[in-house]
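Residue numbers (my numbering): 852 to 1221.
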Amino acid sequence: MVDLGLQYQTMQAEIDEAIRKVIDSQSFIKGEFVGQFESHLQDYLHVKHVIGVSSGTSALYLALLALQIGEGDEVIVPSFTFVATAEAVVLVGAKPVFADVDWETMNIDVADVERKITPKIKAIIPVHLYGLCADMQAILALANKHSIAVVEDACQSMGSKCKLEGEYKHAGTLGKIGCTSFFPSKNLGCYGDGGAVFTDDDALANLVRSLANHGMGNRKYHSEQVGINSRLDTLQAAILDVKLRHLDTFLQKRRQVAKNYEKALEHEPHFLLPQYDENSHSFHQYTLRIVDCSREKVQKSLSQAGIASAVYYPEPIHLQPAYAFLGYKKGDLPVTEKLCDSVLSLPMYPELSEQQVAFICEKLVESLTL
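Encoded structure:
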């Protein structure tokens, strides 16, 4: 699905030098390279604050903590996403309220969000799934109408831009607070776990930074509130700082890979292709919806040809055992459940050649006749 070795080869000298500098500095926790990376990412995203943390899940958890969301509160989330989005809500003591998604975009359905707003709802977490921006203009309008916070889950969408009142702004920078992941396979990925929180709010930024460091502020060993250990590792920050310099080139190549897929598959009625405009999608994944044929047969055929594929996600969160206490049942979120039975993601990374895409698509089409 992803060949990280090829990407490393394109910047090996830079990454090796960055790692050597960290080791030479012997400053492995909260070292200068963390602040340097945060500053560079702030400039890239045009956001006032970036706080590096230990993972995308931690970023979501800390964002909700900073917004003082907890017991008795409810948060609207999609069920068609990675489980961390709902997990963070439960971990702060609040209740996730699952909204359905749109069949075409696969992102949260704003109309269903509106139907599920009650006085207990304190936040909405739209997920920019697979790298495609959710409808932030509609979500923000709805949130403002009801005085609800918007926490953007931008864990899959680094480099995507959401259209708001005719202007494009980076995913994760439009809501009250945004979160991302630097998991190795992401558009901007490190060589371990990592994440970040984005905000233009000074008070929220200070609080997140404190919460991520055991509740401490500028005074060492003095905790102002109960926090956790969720610091971005200095080695990872140094690696990310190198990769950030190449990010726009990687995004351009991802979009070209997507165009190559589209050109080869646009006339195949069994494969419904992603719907997007170029700025709004950074193609963390290239995901088809398979209709009127067997996904299992297609996937098996690809595997036999030596081609990786994956299902993100085979089981909706609202039907998983860990969330049975919420009382959802099959049929409650019909589009989500249909997508779980239909989606298939193909290999996607910047170094994927036109010839490789052509081979993948050839075998994909062949699978329909086997």
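Beta carbons: idealized from backbone N, C-alpha and C, even for Gly. All figures in this text were calculated on a predicted structure; none of them were measured in a lab.
Enclosing beta strand (DSSP E) for residue i [first to last residue]
i: alanine 974; result: 972-975
i: glycine 1046; result: 1046-1050
i: histidine 1065; result: Unbroken run through histidine 1065: none, as it is neither H nor E.
i: valine 1194; result: 1194-1197
i: lysine 1110; result: Per DSSP, lysine 1110 belongs to no beta strand (DSSP E); it is in the alpha helix (DSSP H), 1085-1116.
i: serine 1032; result: 1028-1032
Residue from the options with nearest C-alpha to residue i
i: leucine 1062; options: Val943, Val1194, Thr932; result: Val943
i: cysteine 1191; options: Gly1182, Tyr1164, Leu1215; result: Tyr1164
i: valine 952; options: Cys1041, Leu1055, Lys1104, Leu980; result: Leu980
i: alanine 989; options: Gly1010, Cys1006, Lys1014, Thr969; result: Lys1014
i: threonine 1031; options: Thr1050, Glu1016, Lys1181; result: Thr1050
i: serine 1193; options: Val1162, Leu1219, Glu1217, Glu925; result: Val1162
i: methionine 1009; options: Pro1125, Lys946, Gly1040; result: Gly1040
i: serine 1154; options: Pro1198, Leu1177, Thr1138; result: Pro1198
i: alanine 1089; options: Ala864, Lys872, Gln860, Gln863; result: Lys872
i: proline 1035; options: Tyr1112, His1135, Glu1129; result: His1135
i: valine 898; options: Val1108, Gly1029, Thr1100, Lys1037; result: Gly1029
i: histidine 1169; options: Gln919, Leu896, Asp867, Val934; result: Val934
i: glycine 1017; options: Thr861, Met987, Glu1202, Asp1004; result: Met987
i: alanine 1000; options: Leu1055, Lys1020, Glu1113; result: Leu1055
i: asparagine 959; options: Lys946, Lys971, Ala945, Ile975; result: According to the sequence as given, residue 959 is isoleucine; it is not asparagine. Selected option, being the one with the closest Cα: Ile975.
i: phenylalanine 1033; options: Ala1209, Asn1057, Pro1185, Asp1004; result: Asp1004
i: methionine 957; options: Lys1037, Pro1185, Leu1221; result: Pro1185
i: asparagine 1130; options: Ala1109, Glu1147, Cys1144, Lys1114; result: Ala1109
i: valine 1149; options: Val1216, Asn1057, Phe1210; result: Val1216
i: glutamine 919; options: Val1002, Leu1139, Glu1205; result: Val1002
CB-CB length for residue i against residue j, believed under 8 Å
i: leucine 1083; j: valine 885; result: 6 Å
i: valine 978; j: threonine 932; result: 5 Å
i: threonine 908; j: alanine 939; result: 6 Å
i: threonine 1098; j: glycine 1045; result: The residue you asked about is not threonine; residue 1098 is leucine in the sequence shown. Not confirmed; about 15 Å, so no contact.
i: alanine 869; j: valine 1093; result: 5 Å
i: alanine 910; j: valine 1048; result: 5 Å
i: serine 1218; j: serine 1152; result: 4 Å
C-alpha distance - residue i paired with residue j, whole-angstrom precision
i: valine 1059; j: serine 905; result: 12 Å
i: aspartate 875; j: valine 961; result: 50 Å
i: lysine 1071; j: glutamine 1087; result: 24 Å
i: tyrosine 1179; j: leucine 1102; result: 38 Å
i: aspartate 1052; j: leucine 916; result: 15 Å
i: arginine 1106; j: leucine 983; result: 12 Å
i: lysine 1214; j: glutamate 1119; result: 13 Å
i: histidine 1132; j: histidine 1073; result: 43 Å
i: proline 1167; j: threonine 1187; result: 7 Å
i: tyrosine 1112; j: leucine 1123; result: 12 Å
i: histidine 997; j: cysteine 1006; result: 26 Å
i: cysteine 1212; j: histidine 1121; result: 13 Å
i: tyrosine 859; j: isoleucine 866; result: 8 Å
i: isoleucine 972; j: leucine 1177; result: 15 Å
i: asparagine 1080; j: leucine 1221; result: 52 Å
i: glutamate 955; j: aspartate 1128; result: 13 Å
i: tyrosine 1174; j: lysine 946; result: 10 Å
As assigned by DSSP and simplified to three states, the class of residue i
i: cysteine 1006; result: coil
i: arginine 1140; result: strand
i: proline 947; result: strand
i: tyrosine 895; result: helix
i: phenylalanine 879; result: coil
i: valine 926; result: strand
i: asparagine 1080; result: strand
i: alanine 1161; result: strand
i: tyrosine 1019; result: strand
i: serine 1074; result: strand
i: glycine 903; result: strand
i: alanine 1000; result: strand
Extent of the continuous alpha helix (DSSP H) run through residue i
i: proline 1185; result: 1185-1191
i: glutamate 1205; result: 1205-1217
i: tyrosine 859; result: 855-861
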